[in-house]
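Heads up: the structure comes next, in structure tokens.
Encoded structure:
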């Protein structure tokens, strides 16, 4: 059974008809931020965040987190792709949930928060109200509304103006740059490449300090430097901090990085192009394969832009080199005299767009993964030759 389903069942058993919905915390209660290190799965590459509410006097020790989804949801994969999959807050016994993270060798860091009893009660009441069935679900947005940003919002709601975060910490990077950092930490070279292809211009916006908290480690750092007014005195938000376990995950990178692979492919393609020139031949199958792949990829990027609700895959400048119109027209290329003239203009446009991608990387508003440049080089080389190729009988 999937872990998320197991935890959901445990959650329902824990709270169904339970008196905790109206529980009052004692002076000895604690509210903590739990930051869970990245895991092996793609969805956990940047880590996870939860809130722990502990009160030994009242018999409470619960983790709340906003990262629960159910694989049994009707149309799960379609909704996940479209960005409409409902997520919800989960509430689990600390002793039942944390062992899952320990078993995965993921470090769990706890920051006990320096809150007054009134502030702790507000956090707990807010979470319990959020856990009510009618309030539980929300529309997950990876950059703007995820398991980490929701925890920030809970604290801001509970503490109001008494809570203040640094406005400069982690403020100098874009969403794309933060994802790259965490993919590289985990040696997720191909994941980083895939994400960069899918993300459009919105991901190149600077996050500022507040939006940088979409990454759990950034939220943890923001809590470390935050201040809170407790009983009329400005104090550090974090009372104490510790790792609940000593663990680390060794991520084995794939044997070859995307940039290296596509540089090799570029050199191979350049070699075959040289052979074509020497032997006065046209290896037309190369062009049909290359432009079929890039054209179909372009259509996929358009689907992500117009038919999904993620919001960060719009206006994707990778469409400069993954130019959709080349497919299916590339399939009509042939060696017969005169039959390719009508397609030469299309590939002239493709050559120009690939050139813009290569030369414009310093001024275009979107960042490109380094592996894009040898790919764009292959496209520029072959599309330029198709444009220049005159009537060939070979």
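In my numbering, the protein residues as written are 171 to 564.
All C-beta atoms, glycine included, are put in the ideal place defined by N, C-alpha and C.
Take residue i and list the residues in its own chain whose beta-carbon comes closer than 8 Å to its own, dropping the five residues that flank it on each side.
i: residue 499; result: 513 and 516
i: residue 226; result: 198
i: residue 556; result: 457, 503, 510, 513, 514 and 517
i: residue 501; result: 458 and 462
i: residue 368; result: 471, 474, 483 and 486
i: residue 528; result: 543, 546, 547 and 550
Rounded C-beta distance between residue i and residue j? I'm assuming under 8 Å.
i: residue 486; j: residue 471; result: 5 Å
i: residue 336; j: residue 379; result: 6 Å
i: residue 200; j: residue 278; result: So it is not a contact: roughly 15 Å between Cβ atoms.
i: residue 394; j: residue 408; result: 6 Å
i: residue 536; j: residue 493; result: About 16 Å; that fails the 8 Å criterion.
i: residue 219; j: residue 317; result: 5 Å
i: residue 343; j: residue 376; result: 7 Å
i: residue 468; j: residue 489; result: 6 Å
i: residue 252; j: residue 477; result: 7 Å
Tell me the DSSP secondary structure of residue i in three-state form.
i: residue 482; result: coil
i: residue 350; result: helix
i: residue 221; result: strand
i: residue 205; result: strand
i: residue 362; result: helix
i: residue 303; result: coil
i: residue 314; result: coil
i: residue 544; result: helix
i: residue 426; result: coil
i: residue 567; result: Nothing can be reported for residue 567, as the shown portion of the chain is limited to 171 through 564.
i: residue 385; result: coil
i: residue 215; result: coil
i: residue 488; result: helix
i: residue 189; result: Low local confidence applies: a pLDDT of 49 at residue 189 is under 50, so the model's placement there is unreliable, with the coordinate-based value given in what follows. Helix.
i: residue 460; result: helix
i: residue 410; result: strand
i: residue 195; result: coil
i: residue 256; result: strand
i: residue 577; result: Residue 577 cannot be examined here, being either before or after the span of the chain that is shown, 171 to 564.
Could you give the distance in angstroms between the alpha-carbon of residue i and the alpha-carbon of residue j?
i: residue 479; j: residue 331; result: 33 Å
i: residue 460; j: residue 256; result: 38 Å
i: residue 312; j: residue 495; result: 31 Å
i: residue 522; j: residue 366; result: 22 Å
i: residue 554; j: residue 274; result: 50 Å
i: residue 296; j: residue 194; result: 13 Å
i: residue 363; j: residue 289; result: 43 Å
i: residue 465; j: residue 437; result: 21 Å
i: residue 223; j: residue 267; result: 13 Å
i: residue 360; j: residue 286; result: 46 Å
i: residue 308; j: residue 370; result: 24 Å
i: residue 235; j: residue 532; result: 40 Å
i: residue 245; j: residue 239; result: 13 Å
i: residue 423; j: residue 357; result: 5 Å
i: residue 552; j: residue 321; result: 50 Å
i: residue 353; j: residue 450; result: 45 Å
i: residue 340; j: residue 243; result: 36 Å
i: residue 559; j: residue 526; result: 22 Å
i: residue 427; j: residue 539; result: 12 Å
i: residue 265; j: residue 338; result: 37 Å
i: residue 448; j: residue 425; result: 34 Å
To which residues of the same chain is residue i closer than 6 Å at the C-beta, ignoring the five residues directly before and after it?
i: residue 524; result: 491, 546, 549 and 550
i: residue 373; result: 345, 346 and 482
i: residue 186; result: Low confidence applies here, because residue 186 scores a pLDDT of 44, under 50, leaving its location unreliable; read the following figure in that light. None.
i: residue 432; result: 541, 544 and 545
i: residue 232; result: 223 and 261
i: residue 291; result: 195
i: residue 272; result: 415
i: residue 640; result: With the chain covering 171 to 564 only, the question about residue 640 has no answer from this structure.
i: residue 435; result: none
i: residue 429; result: 540 and 541
Within a Cβ cutoff of 7 Å, which residues of the same chain sit near residue i, ignoring the five residues on either side of it in sequence?
i: residue 406; result: 284 and 397
i: residue 196; result: 225, 227 and 228
i: residue 324; result: 221, 293, 296 and 297
i: residue 534; result: 487
i: residue 400; result: 284, 285 and 286
i: residue 214; result: 208
Would you call the stretch 206-225 and the stretch 377-386 in contact, with 3 or more CB pairs under 8 Å? yes
If we count Cβ pairs, one from each stretch, closer than 8 Å, do we get three or more for the stretch 399-417 versus the stretch 339-353? no
Tell me whether the stretch 299-314 and the stretch 217-233 touch, counting them as touching only if at least three CB pairs, one residue from each stretch, are closer than 8 Å. no
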